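Novice:
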Amino acid sequence: MAAFDAVFVGLTILDIAGRPVIDIPPRGGVAFIEQIRLNPAGTAAGANINAAKLGIRTAAVACLGEDEKADFILASYARLGIDCSLVQRTAQQETSATILPIRPNGERPALHCRGASDALFIREEEFDAILDCRFLHHGGTGLLAAMDSGQSALLLRAAKAHGVTTSFDLIAPDAGTLDLLRPLLPSVDYFMPSLEEAAYLSGETQPEAIARVFFALGVGTCILKDGENGSWLLTRDGAVEHIAPFRVDAVDTTGCGDSYCGGFIAALARGLSVKAACEVASAVAALVATGMGSDAGVVDWQHTQEFMATHRRG
Numbered sequence: 001m002a003a004f005d006a007v008f009v010g011l012t013i014l015d016i017a018g019r020p021v022i023d024i025p026p027r028g029g030v031a032f033i034e035q036i037r038l039n040p041a042g043t044a045a046g047a048n049i050n051a052a053k054l055g056i057r058t059a060a061v062a063c064l065g066e067d068e069k070a071d072f073i074l075a076s077y078a079r080l081g082i083d084c085s086l087v088q089r090t091a092q093q094e095t096s097a098t099i100l101p102i103r104p105n106g107e108r109p110a111l112h113c114r115g116a117s118d119a120l121f122i123r124e125e126e127f128d129a130i131l132d133c134r135f136l137h138h139g140g141t142g143l144l145a146a147m148d149s150g151q152s153a154l155l156l157r158a159a160k161a162h163g164v165t166t167s168f169d170l171i172a173p174d175a176g177t178l179d180l181l182r183p184l185l186p187s188v189d190y191f192m193p194s195l196e197e198a199a200y201l202s203g204e205t206q207p208e209a210i211a212r213v214f215f216a217l218g219v220g221t222c223i224l225k226d227g228e229n230g231s232w233l234l235t236r237d238g239a240v241e242h243i244a245p246f247r248v249d250a251v252d253t254t255g256c257g258d259s260y261c262g263g264f265i266a267a268l269a270r271g272l273s274v275k276a277a278c279e280v281a282s283a284v285a286a287l288v289a290t291g292m293g294s295d296a297g298v299v300d301w302q303h304t305q306e307f308m309a310t311h312r313r314g
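Using full-length UniProt numbering, the letters of the sequence shown correspond one by one to residues 1 to 314.
(1) So, at 8 angstroms on beta carbons, what are the nonlocal neighbours of S273 in its own chain, with the 5 sequence-adjacent residues on each side left out?
(2) I need the DSSP call for H311, collapsed to helix, strand or coil.
(3) Would you check if there are 3 or more beta carbon pairs closer than 8 angstroms linking the stretch 274–285 to the stretch 230–237?
(4) Per DSSP, what are the beta-bridge partners of D23 in this structure?
(5) Start and end of the alpha helix (DSSP H) containing L154?
(6) Excluding the five sequence neighbours on either side, which residues of its own chain have a C-beta within less than 7 angstroms of the C-beta of P173, listed in chain order?
(7) Going along the chain, which residues of its own chain have a beta-carbon closer than 7 angstroms to the beta-carbon of L63, five neighbours each way excluded?
(8) Rounding to the nearest angstrom, what Cα-Cα distance links T95 and Q206 in this structure?
(9) Can you check DSSP and say which residues form a bridge with Q302?
(10) Within this structure, are the beta carbons of T58 and I82 separated by less than 8 angstroms?
(11) Could you check if S240 is buried or exposed, using at least 16 other CB atoms within 10 Å of its CB as the buried criterion?
(12) Going by DSSP in three states, T98 sits in which element: helix, strand or coil?
(13) Mind listing, in chain order, the continuous beta strand (DSSP E) runs of no fewer than 3 residues lying wholly within the stretch 154–223?
(14) Ordered along the chain, which non-local residues of its own chain (more than five positions away) have a Cβ less than 8 angstroms from that of A158?
(15) Does DSSP classify L39 as helix, strand or coil?
(16) Where does C278 fall in DSSP's three states?
(17) Would you mind sorting P193 into buried or exposed? The rule is 16 or more other CB atoms within 10 Å of its CB.
(18) Identify the residues that DSSP records as bridge partners of K225: which are they?
(19) C261 lies in the alpha helix (DSSP H); which residues open and close that run?
(20) Leaving out five residues on either side along the sequence, give the residues of the same chain with a beta carbon under 7 angstroms from the beta carbon of A269.
(21) Considering only residues of the same chain and omitting the five flanking positions on each side of G262, which have a CB-CB separation below 6 angstroms?
(22) For V213 and L11, I'd like the C-alpha separation in whole angstroms.
(23) Which residue marks the beginning of the alpha helix (DSSP H) containing E68, and which one marks its end?
(24) What first and last residue would you give for the alpha helix (DSSP H) that runs through residue 315?
(25) By Cβ distance, which residues of its chain are closer than 7 angstroms to Q151, with the 5 residues on each side in sequence left out?
(26) Which of helix, strand or coil does DSSP assign to E241?
So, in structure tokens, the structure goes:
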């Protein structure tokens, strides 16, 4: 049996979120807000913490600084039972972090320090330990400078050679992101960006047309996250499924996309079909939107199932 159900590789940050923030006070002024919260976040960490809450065995692969932000992340992981034996530390850069002033409508502009995630580098001799798993989720290409040099492609290729199911998410794509993705995508079973990100990268606007671009680049299945509109499941045989969202009163949408990935992977690991896993993922993302932070609202698998049974969709 594999050591882990899923290993989450990549962008790991500390979010410092506050709400509600209407305006930044001028000069040295002070504004009083209702809530401030710290939590692990990012395309790898945000998925991992939710998958762990849903009861699967997970491990983290990340680079953190030698600082209090890293200590907080590691303590949070320990409470969730996430294995940290593969986490790297560096004294040369601080732990990646983001300040999030959450607006009253749940939107969240971000102030990001790239930090130690750029230093993450996985040597090929470390691949076997990382790939002792059933699922590998890679998140954060474009904000992982050392891995973006080609090592992420090697890791994903090795995962496929080991028979590991791979999934992939990204963040904040720019004009150079597609070139970074080209060598990676043939080794990706589930490509899971937001619809907005995928539209930007592909130059298309409709889910079917977007998916065709990424199928041509080698991905197995496209899952496009579309916020309050739900998500789209598109397969190479031309099948298109719209996954309806669960209706909630959103407090903060931070980490909803990352949590969707974590919910999807946890559901697959528990034996659900791909479509059913997307439905669980939609529920997890909705739960996260009901509070502040990347894992707000998510308790465990049973609670998520009860939420799905009692909340309206569409």
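For glycine and all other residues, C-beta sits at the position ideal for the given N, C-alpha and C. No experiment lies behind these values; they were computed from the predicted model shown.
Specialist: In terms of the structure at hand:
(1) none
(2) coil
(3) yes
(4) In DSSP, D23 forms no bridge with anything.
(5) 151–161
(6) G142, E197, Y200, L201
(7) First, the amino acid is wrong: residue 63 is Cys here, not Leu. The answer, listed in chain order, is Q88, T90, A116, S117, A119, L120.
(8) 37 angstroms
(9) None, per the DSSP bridge assignment.
(10) yes
(11) Contrary to the premise, residue 240 reads as Val rather than Ser in this sequence. By the neighbour-count rule (16 or more Cβ atoms within 10 Å), V240 is not buried but exposed.
(12) strand
(13) 165–170
(14) E124, F127, L131
(15) Per the sequence shown, residue 39 should be read as Asn rather than Leu. Strand, per DSSP.
(16) helix
(17) buried
(18) S194, S231
(19) 256–269
(20) D5, A6, I56, R134, F135
(21) A47, N50, A51
(22) 25 angstroms
(23) 68–80
(24) Residue 315 lies beyond the range of the chain shown here (1 to 314); nothing can be said about it.
(25) F121, I122
(26) strand
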